[in-house]
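Visitor: Residue numbers for the sequence shown follow this note's numbering, beginning at 9 and rising by one.
Quick reminder that beta carbons are idealized off the backbone N, C-alpha and C, glycines included.
Quick caveat: nothing in here was measured; it's all calculated off a predicted structure.
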Amino acid sequence: GELEKIATCYGILRTGKMVREISAAELDAQCRDYIALQTAEPHRAAALLEERLHLHNYEVMPEGEVHIFDPADPAAITAALAGAGVPVRGIGVHRQELEDYFLSLMGGPADV
């Protein structure tokens, strides 16, 4: 939209108090698409993503989910991991729109 053409920093207010101050770059990173991979062996899966599929832009989250930011085919990821004996519990594309991010900070649509 128009705002992202001129703003370099955003402040999100809730009931008159600053909930979050975030740079445009941080906001872009927060709202980018990724593949969410659930596996019992996230660090082994991450190593295989690099070795077999040459995917380097990923993050192993604290709860063990792997977020893959490189463009990739979820079916190819699943096949590569299964072929290496890494169980995949779930995989899917996650898209967070700016509105969804805003609502998550506000506590949900009822609180906006």
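Touch check for the segment 43–52 and the segment 14–27: three-plus C-beta pairs under 8 Å?
Guide: At 8 Å Cβ cutoff, the stretches do not touch.
Visitor: Between V94 and the rest of its own chain, which residues show a CB-CB distance below 8 Å, the 5 nearest in sequence each way excluded?
Guide: To locate residue 94, count along the sequence shown from 1; it is residue 86. Around V94: T47, E49, R52, A53, L56.
Visitor: In its own chain, which residues sit with a C-beta less than 8 Å from the C-beta of C17, not counting the 5 before and 5 after it?
Guide: What you label residue 17 is simply residue 9 of the sequence shown in a count that begins at 1. The residues are E29, I30, S31, A32.
Visitor: Taking 7 Å as the limit between beta carbons, can you name the residues of its chain near L113, skipping five residues before and five after?
Guide: Numbered from its first residue, the sequence shown carries residue 113 at position 105. Cβ neighbours of L113 beyond the five flanking positions: I20, V27, R28.
Visitor: In chain order, what are the residue ranges of uninterrupted alpha helix (DSSP H) at least 4 long that sit wholly in the segment 20–65?
Guide: Segments of the alpha helix (DSSP H) lying fully in the segment 20–65: 32–38, 50–61.
Visitor: Please classify V101 as buried or exposed, where buried requires at least 16 neighbouring CB atoms within 10 angstroms.
Guide: Your numbering for residue 101 matches position 93 in the sequence shown. Exposed: under 16 other Cβ atoms inside 10 Å.
Visitor: Is it buried or exposed for I14, if we count other Cβ within 10 angstroms and need 16 for buried?
Guide: Within the sequence shown, the letter at position 6 stands for residue 14. I14 comes out exposed.
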